[in-house]
Structure formats: structure tokens, C-alpha cells
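Peer 1:
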Amino acid sequence: PTCPWPRKTELPPGRPLASEQELSRRVTLPSMGQQQTSDAPSLDRPVFIISLASLLVVSAVLLAEPDASLALMEKALQFLTHDLGWLFLGFTFLGLIWLAWLSFGRHGAQRLGEADSTPTYSDFSWLGMLFCAGIGSNLLYFGAIEWIWYYLGPPPYLGVEARTAEAADWAGSISFFHWGISAWGLYAMATVPIAYVLHVKRSSTLRLSVACRGVLGTLADGPLGQLVDILFIIGLTAGIGTSLGVGVPMISAVASHLFGFERGLSLDVGIVLGLTAIFSYSVSQGLDKGIKLLSDINAWLAIVLLAFIWLAGSPGFVITQAFESVALMLQDFVGMSLRTDAGEGSSFCQDFTIFYWAWWLAWAPFMGLFVARISGGRTFRQVIVGTVFGGSLGCWAGFAVLGNTALAKIEAGHGPLVSLLDAAKTPTAIDGPMVVVELLGSLPLSEVLFPLFFILAFIFVATSLDSAAFTLASAASRDLPPEGQPPRWHRLTWAFVLATVALSLMYIGGLKVLQAASVLVGLPLLFVMALMMLSLNRLLRDDSRETADDEGGLDADS
């Protein structure tokens, strides 16, 4: 198939170059190579209406039949993780190989923009927005408690006993694996294809379907492309719901400790309403004034908080245990990546690794769109290495400080934390939000730590939500250039939709139903991402041939 973008041509003699302001108003029609003038992005009504209606209908059904809906979702979750789990594992592992080829091969120096363009944002702001959007409050919650699941119930294939030093070593390594190279690799797999068509091909729209045009051709501009964008919108909403299901109870527990409120649904709703107000204001201000500012503030707050917890806790133990976790993870990286527990009578990999990959897949297209939007002027190699290793190192630092500090307190016999572990009938039944509260309460200057942690967690969640609302509005817009932003009303609409859908999911089944929703939408998005990666390969191949033809023509003329 021929490249769906028009070939570069020389300007007619005597024709002046267009001004930068004029270029910003032009919209390229990728399938025809024509130009039209557009003063503002327009709404893609089919994508907007179908996506919105689907989400509202699903929410209504879940609220009307919560028990039946929960049972159905759990059956679907069982099928996807146990019967199709190999698909998630294989895709993620092969995707890492593809990223290595792309980053360190001849395409690694491909710049996202003009050859002399420079990054739009500083490295700190870029990494801050990337990290806050991709992780949010999950770092604070899972960083403190995930190791406990594997410490109390280590995977059977390890052959180690629970609550032993060996179990603690492996618990940290499994957490590092779930929040490290493979996870952030999924984000990079989605980012690079979108960034290429956005900044190099100068696509007129910031949408997932645009990144599939190398394979779909003009079909990406029709119903098939709209289906891709609708799947993305539904998938992101489910992923955001899971993050809210994790972050809101944690924030509620800290608020209960600080202000004396009783934990429960009323407090959770109040927290969600407060979050909605903050991220609605932020997203209404746009990318630079809202999202970038919140991300910069949050990045500094996170550094200060983690540094204090590390120094006030057990700094030597934290570092030593972190090195042990990294060593064990790298030692068994391939085994962790491909193990399915087949024939072992265990569902550890299905319950944890496969679920995590499906959850990261649900988030990946959103991160691809968002990170592509802020990555102008960087090269493939910079984007991939920055996303994979920058994100991994940030997560490992948070998990090492929070998790290993909690481990040190438990080994020292800190009563409240030990009691929480003893009260858990199963590893995942532990009261995670209270683990966070007791960990903070065990440290010096806890009266200062609690407000700081509350503000950090609150802004973390708000940053993820406003980034998501911005991206959802972009996905349902046409004629949106790389520097453009969707209308304020459109961004605010998705801000409220995210909060409404997440609340309805939390109401009917808590975290379990949110996890099931993430896995259900992760499967179709896996195929969408595979299509995007194949599309990028084809575009790079066609562009290389075009360059070779142009150079050959010049040689012949000379």
C-alpha cells in the first residue's frame, strides 16, 4: 500500500513561505494531501456521542443490577486471565524487544519534529508530567502495601515460606517487576507511533486512530478509525476508575486521621467531589497553566516526602533491600515475564502479573496520546529511554522507600503494622489504607507528614484525572494540531464523566469490579496497540524508501 500521507514537494518558484501563525491554522487532510483553514478543533460527534452513551448505559446497568453485573464481570475476568493470559505476557515481552530495536537501531535518532527542533518542555517538567499522569497516587498506595501481598503469600514456584527474610527479598523484586521495565515499556509502545504521526507527519488530529493509518490507510478516517477511538475512550475510563478505586480510600483514611471523619462511602464521595473540583479547574486552564503546573508541584512534593521518609526511617536498610530486589528481579526477569503457572495448580501469575499488564494496557493508549503531545523535539531514543527507565527508576525509588520502611518497622515489631498483618485472613485482604496511615504515624514529625502526604496524594490523583480528561477531549476532536487544545467545555465534560463512572463502579463492587473492568478493556486495546506498532514500522519503511528515491534522483540529475 502507498503511504497515506502525501510526499513532500518543493514550493512553486516565487511562492513565499507561510507564516508560523498561518501554519498553525492549517489542517492537513492526510488521505488527500489538501489543506483547509480551521480556526478551532471541531467535535467528532459519532465518537463523542457513542462513547458517552456507552459509558452512561454501562454505568446504569451496573447500578441497576449490581450483583448480576459483578458475577458476570468476575467470570469474564477469570476467562481472560487464565485462558488468554499468555497473550498479555507474550505481547508485553515481544514489545520490549521491539522497543530495543527501535531505540538502539538506525531509527533511534529520528527526531519528533524538524531536524533542528528542541524539546518543548524541560527534562524535569517532561518527566514530571509523564510520571504524574502515568502513576498518580498508585505509587503511594501500592508502594506501601504491595510487597506485603507477596510477603504473606509468596508465589508457589519460589518454594519459600511466608514471613521470612527470603520472602521479603522476593516480595520487593516482584513489586519492582510489576512497576518497572515491562510496565513502562507498554507506555512507550503506545507513545512512539502516536508521536511520529503527530510531530513528523504533522497529523491534524491527536487521536489513537491516526497512529493506525500506516496499516488502515484511509479507513482510519472512517467508522473503523472511530471504533478504535471509542475503544480507547472506554478503556481509559475503566483504567481511571481503577486508580480512583485505589486512591480515594487511601486519601479517605488519611483524611479520617487528620480531621476525624468516619471512613465510609460518604467520605469517599466527598473526596471524589473535591478531586473533581480541582482537576476540573486544572483541565480548564489547559496544558501549560494547569497540568504542567500541578505536575511540577507534585514532583517536588514527592521528592521531599520520599527523602524525608527515607532519612527518618531506616536509610541503610532501604538501600540494601532495594539492591537485593533489583538483583533478584533482573536474575529472573525472563521467567517473571513469561511464566503462566501452567500445571502448578496456582493462579498467582493470573491474579497479579497478567492483571497488571491488562491494567497498564488500559492506560497505555492514554499515556501514548498524552506523552506524544508533550514530546515534541525529542528523539525516539530519548522518548523510549526516558519513559522506560525514567518511569521505572521513579517507581523503584517510591517502592523502595515506602515498602522497605514499612518492612523495617514490621521486623522491628511495630505493633499496629504487625497487627494489621496478623488480622489479614488472606494476603490481599489486608487493610491497605490503614497500612499507609500506620506507616506515616510511626515516623518522626508525623503531624507534618500527614498533611503533606494528603496534599501530595490529592494532587497526584487530580493530575492523573486532568491529564485523562484533556486526552479524552482530544480523542473526540477533529482538526486538532499538535499545539492545539480542545475547547474548555469539552475538557470539563470528560472531567465530570470520569468522576461519575468511577463512582458508580466503586459503589457496586469496590476494587474487584474495577480490576475486572480494566482487564476486560485491556484485551481489545492490546490488538489496537499491535496495529499501531505495525503501522509505525510500515511508515518508517515507506519514508526510508522515499528518502532513498529522492537521493537517487538527485544523484541521477547531478
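Under our numbering, the first residue of the sequence shown carries the number 7, and numbering increases by one thereafter.
Beta carbons are placed, not taken as given, at the ideal position from N, Cα and C, and that holds for glycine.
#1: Which residues in the same chain as L307 place their Cβ atom closer than 8 Å to its Cβ, once the five residues preceding and following it in sequence are excluded?
#2: When you compare each of E453, T499, L455, R484 to A474 by their alpha carbons, which one comes out closest?
#3: Measure the beta-carbon distance from A196 to M373 and round it to whole angstroms, keeping in mind my assumption that it falls under 8 Å.
#4: Quick check on the DSSP output: the alpha helix (DSSP H) that includes L222 runs from which residue to which?
#5: With distances taken between CB atoms, is the gap from L334 to W176 smaller than 8 Å?
#6: Helix, strand or coil: how does DSSP classify R544 here?
#7: Tell me the residue span of the alpha helix (DSSP H) that contains Q3.
#8: At which residues does the alpha helix (DSSP H) containing L100 begin and terminate?
#9: How many angstroms separate the CA atom of T43 from the CA atom of S209?
#10: What residue from I180, A418, V216 has the CA that sits closest to G159's CA?
#11: If contacts are defined as beta-carbon pairs under 8 Å, then F386 and S123 qualify, I think. What distance do you get, rounded to the angstrom?
#12: Determine the closest residue to G91 out of L540, A368, L529, with distance taken between C-alpha atoms.
#13: Residue range of the alpha helix (DSSP H) that E120 falls in?
#14: If you scan the region 303-363 from start to end, which runs of the alpha helix (DSSP H) of 4 or more residues do you find wholly inside it?
#15: Mapping DSSP to helix, strand and coil, what is R497?
#16: Have a look at W316 and Y157 and give me their C-alpha separation to the nearest angstrom.
#17: So, for V67: in the same chain, excluding its five sequence neighbours on each side, which residues have a beta-carbon less than 8 Å away from its beta-carbon?
#18: With H, G and I counted as helix, E and B as strand and the rest as coil, what does DSSP make of E449?
#19: Taking its Cβ as the centre, do 16 or more other Cβ atoms sit within 10 Å of E152, making it buried, or is it exposed?
#20: Is it buried or exposed, I55, if we count other Cβ atoms within 10 angstroms and call 16 or more buried?
#21: So, using beta-carbon positions, are A139 and T469 closer together than 8 Å?
#22: Need the endpoints of the alpha helix (DSSP H) that Q232 sits in, please.
#23: Taking 8 Å as the threshold (C-beta atoms), are A194 and I390 in contact?
#24: Go ahead and label T126 buried or exposed: buried means 16 or more other beta carbons lie within 10 angstroms of its beta carbon, across all protein chains shown.
#25: Rounded to whole angstroms, how far is the Cβ of S143 from the Cβ of V252, which I believe are closer than 8 Å?
#26: Opposite S48 in the DSSP bridges: which residues?
#27: Going by the CB atoms, is the gap between V424 and I416 shorter than 8 Å?
#28: Mapping the DSSP letters down to three states, classify L462 as helix, strand or coil.
#29: Give a yes or no on whether the C-beta atoms belonging to G404 and G149 are separated by under 8 Å.
#30: Classify W495: buried if its beta carbon has 16 or more other beta carbons within 10 angstroms, exposed otherwise.
#31: For P22, I'd like the list of residues in its chain whose CB is within less than 6 Å of its CB, leaving aside the five on either flank, ordered along the chain.
#32: Of the choices A106, S65, S480, Q337, whose alpha-carbon is the least far from that of G247?
#33: First and last residue of the alpha helix (DSSP H) that includes I190?
#34: Check for me: the alpha helix (DSSP H) holding K415 runs from which residue to which?
#35: Do the CB positions of S483 and S48 come within less than 8 Å of each other?
Peer 2: Well, looking at it:
#1: Correct list, in chain order: L458, I461, L462, I465.
#2: Sorting E453, T499, L455, R484 by C-alpha distance to the C-alpha of A474 places T499 at the top.
#3: Indeed they touch by this definition, with Cβ atoms about 6 Å apart.
#4: Where L222 is concerned, the enclosing alpha helix (DSSP H) stretches over 219-222.
#5: A contact, by the Cβ cut-off of 8 Å.
#6: In this structure, DSSP gives R544 a helical state, which the three-state scheme calls helix.
#7: Residue numbering for the chain in the displayed model covers 7 to 564; residue 3 lies beyond these limits and cannot be assessed.
#8: Annotation for L100: the continuous alpha helix (DSSP H) segment containing it runs 91-110.
#9: Because the pLDDT of T43 is 38, which lies under 50, any placement of that residue in the model is unreliable, and the number read from its coordinates should be weighed accordingly. So the two alpha carbons sit approximately 14 Å from each other.
#10: When only C-alpha atoms are compared, the closest one is I180.
#11: The pair is not a contact, with the Cβ atoms about 14 Å apart (cut-off 8 Å).
#12: Across the set L540, A368, L529, the C-alpha of L529 shows the shortest separation from the C-alpha of G91.
#13: For E120, there is no enclosing alpha helix (DSSP H), as DSSP marks it with neither H nor E.
#14: Scanning the region 303-363 for uninterrupted alpha helix (DSSP H) segments of 4 residues or longer gives 321-337, 339-344, listed from N- to C-terminal end.
#15: Residue state, collapsed to three classes: helix.
#16: If you take the alpha carbons of W316 and Y157, they lie about 21 Å apart.
#17: Same-chain partners within the cutoff: S75.
#18: The amino acid at residue 449 is misidentified as Glu; the sequence shows Leu. DSSP places L449 in the coil class of the three-state scheme, outside both helix and strand.
#19: Buried, by the Cβ-count rule.
#20: If you draw a 10 Å sphere on the C-beta of I55, you find fewer than 16 other C-beta atoms in it, and that means exposed.
#21: Yes, the Cβ-Cβ distance between A139 and T469 is below 8 Å.
#22: First-last of the alpha helix (DSSP H) with Q232: 229-265.
#23: Yes, they are a contact pair.
#24: Per the 10 Å Cβ criterion, buried.
#25: Between S143 and V252, the beta carbon gap of about 7 Å places them in contact (Cβ cut-off 8 Å).
#26: Paired residues: R484.
#27: In this structure, V424 lies closer than 8 Å to I416 by Cβ.
#28: Look at L462 here: in three-state DSSP terms it is helix.
#29: Their beta carbons are under 8 Å apart, which means G404 touches G149 by this criterion.
#30: For W495, the number of other beta carbons within 10 angstroms of its own is below 16, and it is reported as exposed.
#31: Annotation note: pLDDT 40 at P22 (below 50); position unreliable, no value reported.
#32: Per the Cα distances, S65.
#33: Before going on, a small fix: residue 190 reads as Trp here, not Ile. Per DSSP, the continuous alpha helix (DSSP H) segment holding W190 begins and ends at 187-201.
#34: Where K415 is concerned, the enclosing alpha helix (DSSP H) stretches over 397-417.
#35: Taking 8 Å as the Cβ cut-off, S483 and S48 qualify as a contacting pair.
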